[in-house]
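J.: The number in this note's numbering is simply the position in the sequence shown, starting from 1, with 7 added.
Every residue, glycine too, gets a C-beta built ideally from N, C-alpha and C.
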Amino acid sequence: MAGSGNLIFDPQEVSAAKKIAVLFPGALAEVSIFDAADKWCDEGYALVRYRFPGLDGRPLHPPLKIAEAAGEVATFLRQFSGKTTRLLGYSTGGAIALTTAALVGGDLRVALMSCAVEAGGGIQTGLRGALDIAGAATRAGSLSRRAIWLEYYKTLLFGRHGRTSPQAVALIKERLDRIVMPEGDLPRAHTDDLRRWRLPDARRLPPAAQMRLFVGLEDPVFSLDQSRAMAARLGGAAVTGYAGQGHLLFLTEPAVFDDILAFFEDREPPAGTKGLSSG
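#1: In its own chain, which residues sit with a C-beta less than 7 Å from the C-beta of Gly61, not counting the 5 before and 5 after it?
#2: By DSSP, does Arg56 sit in helix, in strand, or in coil?
#3: Nearest to Arg210 by CA position, among Gln86, Leu110 and Leu255, is which residue?
#4: Give me the Cα-Cα distance between Ile15 and Tyr57, rounded to the nearest whole angstrom.
#5: Does any CB atom of chain B fall closer than 9 Å to the CB of Gly248?
#6: In this structure, does DSSP put Ala222 in helix, strand or coil?
#7: Nearest to Leu95 by alpha carbon, out of Thr171, Asp42 and Asp49?
#8: Using a Cβ-Cβ cutoff of less than 6 Å, which residues in the same chain neighbour Ile140 once the five nearest sequence positions on both sides are dropped?
#9: How about Glu225 and Arg167: are their beta carbons less than 9 Å apart?
#10: Within this structure, are the beta carbons of Leu201 and Ile73 separated by less than 9 Å?
#11: Scan the stretch 58-134 and note each continuous beta strand (DSSP E) run of 3 residues or more that stays entirely inside, going in chain order.
#12: In three-state DSSP terms, what is Thr198?
#13: Measure how close the beta-carbons of Gly100 and Pro32 come, nearest whole angstrom, since I'm counting them as under 8 Å.
#14: By how many angstroms is the C-alpha of Glu181 removed from the C-alpha of Ser230?
#15: Beta carbon of Leu50, beta carbon of Leu255: below 9 Å?
#16: Determine the extent of the alpha helix (DSSP H) in which Val21 is found, giving its start and end residues.
#17: How would you write the range of the beta strand (DSSP E) that Lys46 sits in, first residue to last?
#18: Could you give the residue range of the beta strand (DSSP E) that holds Val246?
#19: Kindly indicate which three-state DSSP category Leu268 falls into: helix, strand or coil?
#20: Taking Leu241 as part of the alpha helix (DSSP H), name the residues at either end of that continuous run.
#21: List the endpoints of the continuous alpha helix (DSSP H) containing Ile155.
#22: Using the Cα positions of Lys25 and Lys90, report the straight-line distance between them to the nearest angstrom.
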């Protein structure tokens, strides 16, 4: 894989493909969260991944600036204006995807997985997070940041009602060496600018039918009510929700990538999908 700036991609694949999908991870997330999207290449997509500060070989400084990230991606995409373009943003990456969409225009589709809401949810999200982390510290019986984060990770996986799930324990054990810890300046470098982020002017965004939110119904970070409110502000974008799932849909519900591909291709999702959609 080569790259340009903060983007990782294969130049030959991008040049040859008729379709480009740009994938934006979120805070404390490496581009590997999108590994399940590799199979999209079988349907003609070239994948372009955006790197967050301090991860995937990108220096920690300067910190993430959403407008600058969107500008970088928009400049890249303008080289390929004749290609079909799709954007997928996870969490904070959703803010970058929407901001990019407002800059690029054209025939876009934007998928927003566990998407951050305006100002990162403000006090409402901050208070919920503080309470969840305090509870995790109590359950962990430790002041170790690592121990607390691993306990909180169970809540991120399946929500507050699913943190005692054996599956949560098994997933953490399986991924232990790949979980990004909130150490040093990493969290601030990823999230500070999100507190100032606002939705772009709706007139510059794609029509609501070309944007869709994919959310865990038990997401402890951005609640279902917050996601629905944002979907309404996007002109009535549809919301696909997954029962029993938390914030880390890419891990707990890998079929979400099949549903997103179906949305990108404007076709019905695969039979047996677990996502429940609402307009």
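T.: With the given structure in hand:
#1: Excluding positions up to five away in sequence, the list reads Leu67, Leu193 and Ala196.
#2: Here DSSP, grouped into helix, strand and coil, assigns Arg56 to strand.
#3: The residue with the shortest Cα to Cα distance from Arg210 is Leu110.
#4: The alpha-carbon of Ile15 is positioned some 6 Å away from that of Tyr57.
#5: The displayed structure is made up of one protein chain only, and chain B is not part of it.
#6: The amino acid at residue 222 is misidentified as Ala; the sequence shows Val. Here Val222 sits in strand by DSSP.
#7: Closest by alpha carbon: Asp42.
#8: Closer than 6 Å at the Cβ level, and outside the excluded window around Ile140, lie Tyr159.
#9: Contact: yes.
#10: In this structure, Ile73 lies closer than 9 Å to Leu201 by Cβ.
#11: Taking only runs of at least 3 residues, the beta strand (DSSP E) segments lying wholly in the stretch 58-134 are 91-97 and 115-120.
#12: Note: Thr198 maps to helix in three-state DSSP.
#13: The pair is a contact, with the Cβ atoms about 5 Å apart (cut-off 8 Å).
#14: Rounded to the nearest angstrom, the gap between the Cα atoms of Ser230 and Glu181 is 27 Å.
#15: The sequence as given places Glu at residue 50; Leu does not occur at that position. Contact: no.
#16: Note, Val21: alpha helix (DSSP H), Pro18 to Ala23.
#17: Looking at the DSSP string, Lys46 is not in any beta strand (DSSP E), and its letter there is neither H nor E.
#18: Per DSSP, Val246 belongs to the beta strand (DSSP E) from Ala245 to Tyr249.
#19: In this structure, Leu268 counts as helix in the three-state DSSP scheme.
#20: Per DSSP, Leu241 belongs to no alpha helix (DSSP H) and is neither H nor E.
#21: It spans Arg152 to Phe165 - the alpha helix (DSSP H) in which Ile155 sits, taken as one unbroken run.
#22: Taking the straight line joining both Cα atoms gives about 5 Å.
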